[in-house]
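**Student:**
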Amino acid sequence: MTDLLAPPGPDLLVDADADAAGHRAGGTVVAVALDDGHRFSKPTAESIRLIEGWGVEGDAHAGPTVRHRFRVAKDPTAPNLRQVHLIHAELLEDIGHAGHHVVPGGLGENVTTAGLDLLALPEGAVLRLGADAAVRVTGLRNPCAQIDGLSPGLMRRLVRRSADGSVERLAGVMAVVVAGGVVRPGDGIAVELPDGQHEPLRPV
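For the sequence shown, position 183 matches number 183 in UniProt numbering, and the numbering has no gaps at all.
#1: Let's test the definition: count the other Cβ atoms within 10 Å of the Cβ of His198 and tell me whether it reaches 16, buried, or not, exposed.
#2: If you scan the UniProt domain "MOSC" (42 to 192) from start to end, which runs of the beta strand (DSSP E) of 3 or more residues do you find wholly inside it?
#3: Could you give the DSSP three-state label for Gly196: helix, strand or coil?
#4: Taking Gly124 and Val137 to be in contact with their CB atoms under 8 Å, please state how far apart those CB atoms are, rounded to whole angstroms.
#5: Where Glu52 and Ser162 are concerned, what is the direct C-alpha to C-alpha distance, given to the nearest angstrom?
#6: Have a look at Ala120 and Met155 and give me their C-alpha separation to the nearest angstrom.
#7: Assign Gln146 to one of two classes, buried (16 or more other C-beta atoms within 10 Å of its C-beta) or exposed (fewer than that).
#8: In or out: Thr77 buried (at least 16 other Cβ within 10 Å) or exposed?
#9: Which residue wins for smallest C-alpha separation from Thr65, given the options Val84, Arg184, Gly165?
#10: Mind the definition here: the region 109 to 118 touches the region 27 to 43 only if three or more C-beta pairs lie below 8 Å; say whether that holds.
#11: Are Ala133 and Val183 touching if we call contact CB-CB under 8 Å?
#12: Going by DSSP, name the residue or residues bridged to Gly27.
#13: Helix, strand or coil, according to DSSP, for Val204 in the structure here?
#14: Our contact map puts Pro43 next to Gly108 with C-beta atoms below 8 Å; I'd like the distance itself, whole angstroms only.
#15: Beta-carbon separation of Leu129 and Asp36 under 8 Å?
#16: List the whole-angstrom C-beta distance separating Leu127 from Val204, where the pair is believed to meet the contact cut-off of C-beta under 8 Å.
#17: Taking all protein chains shown into account, do 16 or more other C-beta atoms lie within 10 angstroms of the C-beta of Arg82, making it buried, or fewer, making it exposed?
Structural data, given as structure tokens:
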């Protein structure tokens, strides 16, 4: 499990031991955000409510079938694998060092996390957010060219080629809600890994 955890900072200690229920500590919720319109960035909120099988209450991307306008045009009946978008705050810090000042919610995420390597999670991993809510990770966000409208040159910081020639997508992960509940900044995150062979995340 320790390979899933980012090195703890001075204000965040990550416990790699499982509790009695088999959950492992995985980080903290830094910020939450939602928007009822199809705008690129989302304003942060004091809390969000997750609804099982639906997404974030009041968010434009919530629903059982696809909500992204391009995907709706292709197949409006396709399942919505992008009900909740999560990004690690460490990414915002990294791109900030490169001159791109992006605040939580700026990349359109619903949940900004800290202390957890979201991109290293396998497909099907469950993240328990706070006391009640849980999401199942479905895949990677596939960044689009609109990102450069937020900050010119940002796209190449979020999509790059690794040494072996494969494409790395760094703009967080997508998930579906498997248990409803309220999520607030400061809530803990517990990771549950799927049984069997783990599959790496792919764009969804």
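C-beta: ideal position from N, C-alpha, C; glycine also.
These figures come from a predicted structure and were not determined experimentally.
**Tutor:** Result, derived from the coordinates:
#1: exposed
#2: 48 to 51, 84 to 88, 111 to 114, 126 to 129, 133 to 140, 159 to 161, 167 to 169, 173 to 179, 181 to 183, 188 to 192
#3: coil
#4: 7 Å
#5: 36 Å
#6: 20 Å
#7: exposed
#8: exposed
#9: Of the candidates Val84, Arg184, Gly165, Val84 places its Cα closest to the Cα of Thr65.
#10: Counting Cβ pairs under 8 Å, three or more are found: they touch.
#11: yes
#12: Bridge partners of Gly27 according to DSSP: Ile189.
#13: coil
#14: Actually they are not in contact, since the Cβ atoms of Pro43 and Gly108 sit about 11 Å apart, beyond 8 Å.
#15: no
#16: Rounded to whole angstroms, the Cβ separation of Leu127 and Val204 is 16 Å, and the two are not in contact under 8 Å.
#17: buried
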